[in-house]
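The sequence shown begins at 846 in our numbering and counts up one residue at a time. Cβ coordinates follow ideal geometry from the N, Cα and C atoms, glycine included. For reference, the structure is listed below as structure tokens.
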Amino acid sequence: MKDKRVLYVSSEVIPYLPETDISSTSFEAAKMVNNLGGQIRIFMPRFGNINERRHQLHEVIRLSGMNLVINDLDMPLIIKVASIPKERMQVYFIDNEDYFKRKATLTDEDGNLFPDNDERAIFFAKGVIETVKKLNWSPDIIHVHGWLSSLLPLYLRNYYGNEPLFRESKIITSVYNQSFDGTLDEEMRDKVLFDGLENENVKHLKKPTFVNLLKTAVDNSDAVVIGGDDVPEDLKKYIDKLDKPVLPYTEKEAFSQAYQEFYETKVITD
């Protein structure tokens, strides 16, 4: 992995949010590549329950200031950055007052999904890609974690399909068991179609359930990692039918070796 560039896009990363399969794996995978001499970038949303003072987040003025169009509305993009203590790894935070200022992540205090989670996912995907373009940083691998990140492969392959910076990039989607009940906004598909994507590309989003979001992600990925030991059965069956490399669920003790081998033998094949 020496000198390889790996972009990690995750809905959560420790130490900024509590430890889960997603937050710990996003951190450990990035740390592993970093220790092997690779170059990494980590992106996550700047949720309002992240303590900016404690974690020393600060705005990157040269990267902020762009407006992203979400469902015909201009939404300002703010980029903040912080360094993970002792690890020499930087994390970039996608921020917007309307979408991420509230003091919670994906649900309210009663456990109900926020009604604008669909727009937050669109904003996050486009915000990451636009920021990487500004950095002029061409990743060899883009590894996506968490359902809020699941639109990134779709946008990268279609909306940004002709972008030279990502022409050689391989996309991996990790699938976890951190799901949600019900659906996101029923108009999510129309909001994505507003960006000029084709109907065929968003067929699963007619009903934006957790499983259908992940189907959309893996359809537009080059490889899949099973990140939990109890991923929904219908999602596993869907992935099994795809002609793509799949890394089965790996216990933490064997995690680093398995990921390194998967990256080097199944994803980067040149």
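With 16 as the cutoff for other CB atoms within 10 Å, does residue i come out buried or exposed?
{"i": "GLY1072", "result": "buried"}
{"i": "TRP992", "result": "buried"}
{"i": "LYS1051", "result": "exposed"}
{"i": "LYS971", "result": "buried"}
{"i": "HIS903", "result": "exposed"}
{"i": "THR1047", "result": "The sequence as given places Val at residue 1047; Thr does not occur at that position. Buried, since its Cβ has 16 or more Cβ neighbours within 10 Å."}
{"i": "ALA1099", "result": "exposed"}
{"i": "LYS1015", "result": "buried"}
Which same chain residues end up closer than 7 Å to residue i when comparing Cβ atoms and leaving out the 5 residues on each side of it in sequence?
{"i": "PRO1077", "result": "SER1024, VAL1056"}
{"i": "THR1028", "result": "LYS1052, PRO1053, THR1054"}
{"i": "ILE885", "result": "VAL851, TYR853, ALA875, VAL878, ASN879, MET934"}
Can you round the beta-carbon distance between residue i and residue j to whole angstroms, since I take them to be within the 8 Å contact cut?
{"i": "ILE929", "j": "PRO860", "result": "7 Å"}
{"i": "ASN894", "j": "LYS849", "result": "With 8 Å as the limit, ASN894 and LYS849 do not qualify as a contact, their Cβ atoms being about 33 Å apart."}
Are the beta-carbon atoms belonging to residue i and residue j less than 8 Å from one another?
{"i": "PHE888", "j": "TYR937", "result": "yes"}
{"i": "ASP963", "j": "ILE1113", "result": "no"}
{"i": "PHE1039", "j": "ASP919", "result": "no"}
{"i": "LYS1081", "j": "ALA1068", "result": "no"}
{"i": "ASP1074", "j": "TYR1094", "result": "yes"}
{"i": "ARG891", "j": "ASP961", "result": "no"}
{"i": "VAL905", "j": "LYS931", "result": "no"}
{"i": "LEU1092", "j": "ALA1103", "result": "yes"}
CB-CB under 8 Å to residue i, same chain, minus the five flanking residues each way: which ones, in chain order?
{"i": "SER855", "result": "ILE867, SER868, SER871, ILE887, PHE888, MET889, VAL989, HIS990, GLY991, SER994"}
{"i": "LYS847", "result": "LEU881, GLY882, GLY883"}
{"i": "SER1101", "result": "GLU873, MET877"}
For residue i, which residues of its own chain have a beta-carbon under 6 Å away from its beta-carbon, when the five flanking residues on both sides are left out?
{"i": "ALA966", "result": "LEU993, LEU996"}
{"i": "LEU1058", "result": "TRP992, SER995"}
{"i": "SER909", "result": "ILE923, ILE924"}
Quick one: is the Cβ of residue i within less than 7 Å of any heavy atom of the ligand MG?
{"i": "LYS1060", "result": "This structure simply doesn't include the ligand MG, nor any ligand for that matter."}
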